[in-house]
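Student: Sequence order for the protein chains is X and W. Position in the first sequence counted from 1, then plus 409, gives you the numbering used here. Position in the second sequence counted from 1, then plus 17, gives you the numbering used here.
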Amino acid sequence: MSRRVLSLLFLCACASTVFAQDLSNIQIHGFATQGVLYSSANNFLGANTSAGSLQWTDGAVSVSDSVSDKLRVGIQLHMSQLGEFGGPSIQVDWASGDYKLNDYAGFRAGKIKTPLGLFNDSQDVDAVHLWALLPQGMYPIANRSFYLSILGGEYYGAAKLGNKGGTLVYRGYVGYRSLDINGGYQNEINSGVASLETGLGVPYTPPTSPSGGMSFGGDVRWITPLKGLLIGESTMIADLHGSQGPVTFGQPLNSIDQYYAQFEKGKFFADAEYRRQPVAFHEAAGPVFVPIPLDWRSWYLMTGYHVTEKLQLGTYYSHFVDAGGTNNTALVANYSKDWTVSARYDFNPYFYAKLEEHFVHGTDGDYYADDNPNGEKSRSNLLAAKIGFSF
Amino acid sequence: MKKSYLPALFLGLVVAASVAKAQDAVVVANSGVKATEVSSDDLRDVFTGAKSSLKDGSHVTPVTLKGGAEHEAFLKKYVGKSDSAFRAGWRSLVFTGQASMPKTFDTDAALIDYVAATPGAIGYVSAGAANDKVKTLAVK
Chain X
410 MSRRVLSLLF LCACASTVFA QDLSNIQIHG FATQGVLYSS ANNFLGANTS AGSLQWTDGA
470 VSVSDSVSDK LRVGIQLHMS QLGEFGGPSI QVDWASGDYK LNDYAGFRAG KIKTPLGLFN
530 DSQDVDAVHL WALLPQGMYP IANRSFYLSI LGGEYYGAAK LGNKGGTLVY RGYVGYRSLD
590 INGGYQNEIN SGVASLETGL GVPYTPPTSP SGGMSFGGDV RWITPLKGLL IGESTMIADL
650 HGSQGPVTFG QPLNSIDQYY AQFEKGKFFA DAEYRRQPVA FHEAAGPVFV PIPLDWRSWY
710 LMTGYHVTEK LQLGTYYSHF VDAGGTNNTA LVANYSKDWT VSARYDFNPY FYAKLEEHFV
770 HGTDGDYYAD DNPNGEKSRS NLLAAKIGFS F
Chain W
18 MKKSYLPALF LGLVVAASVA KAQDAVVVAN SGVKATEVSS DDLRDVFTGA KSSLKDGSHV
78 TPVTLKGGAE HEAFLKKYVG KSDSAFRAGW RSLVFTGQAS MPKTFDTDAA LIDYVAATPG
138 AIGYVSAGAA NDKVKTLAVK
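This is how it looks when you write it as structure tokens:
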């Protein structure tokens with residue numbers, strides 16, 4: 410319903426704009442990617458990767474119009490399929506009106522992307538990254554839509570800190586976010602729901618509509634006077650409420666805190682981030698209340714270098730651990746460590762290819778029980794390759 | 018022996034001088050932009066999409082060359098990014114709904130014509146290409 414309203418609003422805005430001015434300020438951009446995943450042992454990301462999987466397709470088209478110096482409207486439609494997640498249906502990635510009063514104060518409203526660290530809002534834009542897969546402990550691709558956007562509003566701006574203090578860029582937002590019924594978290598919730606319903610002696614109830622909750626937060630990043638160095642912090646506070654048949658589930662308002670630094674100098678870059686995400690999740694049915702305390706902690710270090718104008722090489726180490734409840738963080742079931750080496754080749758400004766190898770240790774990551782019915786091995790490698798087009 | 022390397026040295030100096038000249042870029046803006054100078058921090062912020070005005074409050078919209086030595090030199094000196102990182106940064110803003118892509122031009126002349134005709138436009142061209150159609154801004 411909300412998608413239809415947004416589309417209608419956008420079409421109205423476009424129509425009025427077209428009548429009011431010429432079309433020279435309208436921009437159309439897009440991208441499309443096709444990937445392949447092949448793993449040495451476990452099946453990753455909802456796909457049959459141990460046999461090789463081509464079920465990894467992304468595409469988007471955006472249209473935007475600068476109605477005036479201060480007002481811009483736009484929409485982006487997105488399709489994504491990764492194994493059993495996502496699907497062929499087209500989603501509204503974002504659709505917003507953007508009024509920039511001045512550098513200190515701008516406002517966006519509609520379906521807007523939310524900042525959380527360096528890459529949250531751009532994690533579904535493959536063309537801008539060296540990596541085929543961003544560090545999964547922090548940017549889990551099967552769950553990205555849960556963090557990616559809200560239906561709401563945002564205040565943003567930038568302020569120069571004196572003549573030599575650099576620039577502070579800030580964003581704050583509030584709105585409603587939805588849990589994708591074809592995403593990874595929903596997959597795990599479904600397992601819990603099925604288990605509770607089995608205990609109650611009732612048949613499994615699949616999700617029919619997305620659950621969701623409030624989300625608000627902000628991001629402050631300092632473009633420091635040291636050329637190329639950026640430092641920042643993001644916070645996202647959100648809850649979740651949902652139900653399937655007799656089972657209810659969710660979490661109260663929990664805070665995600667993320668700290669990051671980025672350094673770029675010519676052909677070289679290095680990034681580092683740390684995220685802590687405690688979640689007091691629960692599932693309940695009648696008198697049964699199942700608390701599921703989670704405490705996700707993740708960090709990574711990454712670096713990349715343009716060997717030539719067209720070839721970029723990079724590597725990262727990503728670390729994820731769930732220290733929730735009484736978890737023993739030394740157990741492979743409670744952590745995931747990923748060494749990754751990657752290469753990207755840009756044939757021209759529009760076409761590119763990526764080749765990447767992940768060396769994964771630990772099983773608290775991109776695995777789903779229904780894809781690995783015989784259990785998961787503690788170590789598995791994953792080869793990811795992609796071709797992409799962007800304009 | 019002493020004489021043999023002098024022509025090569027001379028040739029090298031000529032080539033170095035011509036390369037240096039080719040890579041000099043000057044910042045130009047529409048004549049309606051009030052500022053007469055711009056700081057390197059302002060250039061970085063405007064050409065990375067962080068800001069859209071100069072210190073004196075002039076609203077500006079960046080435009081760029083598609084490539085070439087002046088383009089690379091400008092990015093290296095004021096933005097601190099390679100061309101691909103610069104393009105990736107703008108793509109990230111565009112595909113997250115935060116900005117429109119800057120217009121790009123194949124030649125200095127085309128960029129100057131656009132800047133001259135577009136209020137608030139700011140760009141750069143090779144030294145010697147700027148003319149009285151546009152305002153040249155000193156970089157402080």
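Where a beta carbon is used, it is the ideal one built from N, C-alpha and C, also for glycine.
For X/Arg481, would you say it is in contact with chain W, using Cβ-to-Cβ distances shorter than 8 Å as the test?
Tutor: Interface residue, yes.
Student: Do you know offhand how far X/Val716's Cα is from X/Thr738's?
Tutor: Approximately 38 Å between the Cα atoms of the pair.
Student: Is the beta carbon of X/Asn552 less than 8 Å from the beta carbon of X/Tyr594?
Tutor: Going by C-beta atoms, X/Asn552 is nearer than 8 Å to X/Tyr594.
Student: Using a Cβ-Cβ distance cut-off of 8 Å, determine whether W/Phe112 contacts chain X.
Tutor: Cβ-Cβ to chain X under 8 Å: yes for W/Phe112.
Student: Counting along the chain, where does the alpha helix (DSSP H) carrying W/Glu87 start and finish?
Tutor: Where W/Glu87 is concerned, the enclosing alpha helix (DSSP H) stretches over Ala86 to Phe91.
Student: Please report the straight-line C-alpha distance between X/Lys676 and X/Pro619, rounded to a whole angstrom.
Tutor: Rounded to whole angstroms, X/Lys676 to X/Pro619 spans 43 Å at the Cα level.
Student: Report whether the distance from the Cβ of X/Gly566 to the nearest heavy atom of the ligand FMN is below 7 Å.
Tutor: The ligand FMN is absent from the structure shown, which contains no ligand whatsoever.
Student: Quick one, are the C-beta atoms of W/Ala105 and X/Ala567 less than 8 Å apart?
Tutor: No, these two residues do not count as a Cβ contact at 8 Å.
Student: Using a beta-carbon distance below 8 Å, is W/Ser101 in contact with chain X?
Tutor: So, interface residue.
Student: When we look at the beta-carbon of X/Gly571 and count the other beta-carbons within 10 Å, is it buried (16 or more) or exposed?
Tutor: Exposed, by the Cβ-count rule.
Student: Could you work out which residues of chain W lie near X/Ala567, taking near to mean beta carbons separated by less than 8 Å?
Tutor: Under the 8 Å cutoff, chain W gives Asp62, Ala67 and Lys68.
Student: What does DSSP give as the partner residues of X/Asn790 in its beta bridges?
Tutor: Paired residues: X/Phe768.
Student: Would you say W/Lys150 faces chain X, with C-beta separation under 8 Å as the test?
Tutor: No, no contact with chain X.
Student: W/Leu128 lies in the alpha helix (DSSP H); which residues open and close that run?
Tutor: Taken as a continuous stretch (DSSP letters only), the alpha helix (DSSP H) holding W/Leu128 covers Asp125 to Ala134.
Student: Answer yes if the stretch 722-739 of chain X comes into contact with the stretch 747-763 of chain X, meaning at least three C-beta pairs across the two stretches below 8 Å, and no otherwise.
Tutor: A contact exists between the stretch 747-763 of chain X and the stretch 722-739 of chain X.
Student: In chain order, which beta strand (DSSP E) runs of at least 3 residues are fully inside the stretch 431-456 of chain X?
Tutor: As far as the stretch 431-456 of chain X is concerned, its whole beta strand (DSSP E) runs of at least 3 residues are 435-448.
Student: In chain order, what residues of the same chain have a beta carbon less than 7 Å from the beta carbon of W/Phe112, not counting five sequence neighbours either side?
Tutor: Hits under 7 Å: none found.
Student: In terms of residue numbering, what span does the alpha helix (DSSP H) encompassing W/Phe169 cover?
Tutor: Nothing in the structure corresponds to residue 169 of chain W, since chain W is present only between 18 and 157.
Student: Spatial neighbours of X/Tyr754 within its chain, please: C-beta separation below 7 Å, excluding the five flanking residues on both sides.
Tutor: Within the same chain, X/Tyr754 has close Cβ partners Lys719, Leu720, Tyr761 and Ala762.
Student: DSSP on X/Tyr759, reduced to helix/strand/coil?
Tutor: Correct three-state label for X/Tyr759: coil.
Student: How about W/Val45 and W/Val142: do their beta carbons lie closer than 8 Å?
Tutor: Yes; because the gap between Cβ atoms is below 8 Å, this pair is in contact.
Student: Skipping 5 residues on each side, what residues in its chain have a beta carbon closer than 6 Å to that of X/Tyr668?
Tutor: Closer than 6 Å at the Cβ level, and outside the excluded window around X/Tyr668, lie Glu642 and Tyr683.
Student: Determine, for X/Asp747, whether the minimum Cβ-Cβ distance to residues of chain W falls below 8 Å.
Tutor: Not one chain W Cβ lies under 8 Å of X/Asp747.
Student: On a Cα-Cα basis, can you pick out the residue from W/Asn47, W/Asp130 and W/Lys93 that is closest to W/Asp41?
Tutor: Cα-wise, what sits closest to W/Asp41 is W/Lys93.
Student: Residue ranges of each alpha helix (DSSP H) run of no fewer than 4 residues wholly in the stretch 707-757 of chain X, ordered along the chain?
Tutor: Runs found: none.
Student: Taking Cβ-Cβ distances shorter than 8 Å, what residues in chain W pair up with X/Asp512?
Tutor: Within chain W, the residues near X/Asp512 are Lys68, Ser69 and Ser70.
Student: Mind checking if W/His76 is an interface residue toward chain X, Cβ cutoff 8 Å exclusive?
Tutor: W/His76 counts as touching chain X.
Student: Using C-beta distances below 7 Å, list every residue in its chain close to W/Ser48, excluding the 5 sequence neighbours before and after it, in chain order.
Tutor: Result list for W/Ser48: Val151 and Lys152, in chain order.
Student: Spatial neighbours of X/Val470 within its chain, please: CB distance less than 8 Å, with the 5 preceding and 5 following residues excluded, ordered by chain position.
Tutor: Excluding positions up to five away in sequence, the list reads Ile437, His438, Gly439, Gln485 and Leu486.
Student: Please give the ranges of any alpha helix (DSSP H) in the stretch 465-534 of chain X, keeping only runs that are unbroken, at least 4 residues long and fully inside the region.
Tutor: As far as the stretch 465-534 of chain X is concerned, it has no whole alpha helix (DSSP H) run of at least 4 residues.
Student: Output needed in chain order: residues of the stretch 437-463 of chain X with a Cβ under 8 Å from some Cβ in chain W.
Tutor: For the stretch 437-463 of chain X, which is checked against every Cβ of chain W, the residues closer than 8 Å are His438 and Phe440.
Student: Per DSSP, X/Tyr564 is paired with what?
Tutor: DSSP lists X/Phe516 and X/Gly581 as partners of X/Tyr564.
Student: With 8 Å as the threshold, decide whether the Cβ of W/Ser109 is near any Cβ in chain X.
Tutor: It does; some Cβ of chain X falls within 8 Å.
Student: Which whole-angstrom value is the C-beta distance of X/Ser624 and X/Tyr585, which I expect to be below 8 Å?
Tutor: That belief holds up - the Cβ atoms of X/Ser624 and X/Tyr585 are roughly 7 Å apart, short of 8 Å.
Student: Can you give me the C-alpha to C-alpha distance between X/Gln686 and X/Phe555, rounded to a whole angstrom?
Tutor: Computed Cα separation, rounded: 14 Å.
Student: Using a Cβ cut-off of 7 Å, pull out every chain X residue sitting near W/Ala105, in sequence order please.
Tutor: The answer, in chain order, is Val537.
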